[in-house]
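K.L.:
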Amino acid sequence: MNDQQYRPQIRYVVGPDGGPLTIADLPPADTKRWVIRRKAEVVAAVRGGLLSLQEACQRYKLTVDEFLSWQRSIEKHGLPGLRATRVQDYRE
């Protein structure tokens with residue numbers, strides 16, 4: 002059986018700006034330009050249960066490592082850690 006049948010349906014989570022974030026608010030599946038806000042929205046959606054990690058990776062054609070790097074960057078450095086041009090500044 003599909004595990005999605007047993008997962009409670011989450012309608013919204015708290016987004017990176019503190020407001021409600023729904024599936025409709027997420028970046029389009031064909032997103033090519035990943036700005037800080039979009040990355041943070043996807044991370045918030047997965048953390049809050051709006052999407053599973055697998056669903057997010059499939060929807061956005063991400064690797065698990067790529068998603069986890071976004072999550073780690075937020076945990077360590079907050080939203081500025083997601084800035085692509087600043088990645089080297091935050092590396093240890």
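Using the numbering used here, read the sequence shown as starting at 2 and increasing by one per residue.
Cβ atoms here follow ideal geometry from the backbone N, Cα and C, with glycine treated the same way.
1) If we ignore side chains and look at the alpha-carbon of each, how far apart do Gln10 and Leu51 end up?
2) Just to confirm my understanding: we take Ile37, look at its own chain, exclude 5 residues before and 5 after, and list those with CB closer than 7 Å. What are they?
3) Under the three-state reduction of DSSP, which class applies to Leu54: helix, strand or coil?
4) May I have the straight-line CA-CA distance separating Lys47 from Arg73, to the nearest angstrom?
5) Can you have a look at Gly19 and say buried or exposed, based on whether 16 or more other CB atoms are within 10 angstroms of its CB?
6) For the alpha helix (DSSP H) containing Leu80, name the first residue and the last one.
7) Between the C-alpha atoms of Lys33 and Val43, what's the straight-line distance to the nearest angstrom?
8) Identify every residue that forms a DSSP beta bridge with Val15.
9) State the Cα-Cα distance for the pair Ala57 and Phe68, rounded to the nearest angstrom.
P.N.:
Working from what's here:
1) Locating residue 10 in the sequence shown gives position 9, where the first residue counts as 1. Locating residue 51 in the sequence shown gives position 50, where the first residue counts as 1. Gln10 and Leu51 have their alpha carbons spaced roughly 8 Å apart.
2) Within the sequence shown, the letter at position 36 stands for residue 37. Hits under 7 Å: Leu80, Leu83, Arg84.
3) As a position in the sequence shown, residue 54 is number 53, starting the count at 1. Helix, per DSSP.
4) Taking the first residue of the sequence shown as 1, we reach residue 47 at position 46. Taking the first residue of the sequence shown as 1, we reach residue 73 at position 72. The sequence given here has Val at residue 47, not Lys. Cα atoms of Val47 and Arg73: separation of roughly 13 Å, rounded to the nearest angstrom.
5) Residue mapping note: residue 19 aligns to position 18 of the sequence shown, counting from 1. So Gly19 ends up on the exposed side.
6) On the sequence shown, position 79 is the one that residue 80 refers to. Counted as a single uninterrupted DSSP element, the stretch harbouring Leu80 is not any alpha helix (DSSP H), since DSSP gives it neither H nor E.
7) Looking up residue 33 in the sequence shown gives position 32. Looking up residue 43 in the sequence shown gives position 42. Their Cα atoms are separated by approximately 14 Å.
8) Taking the sequence shown and counting its residues from 1, the one referred to as residue 15 is at position 14. Under DSSP, Val15 shares a beta bridge with Pro21.
9) To locate residue 57, count along the sequence shown from 1; it is residue 56. To locate residue 68, count along the sequence shown from 1; it is residue 67. Taking the straight line from one Cα to the other gives about 9 Å.
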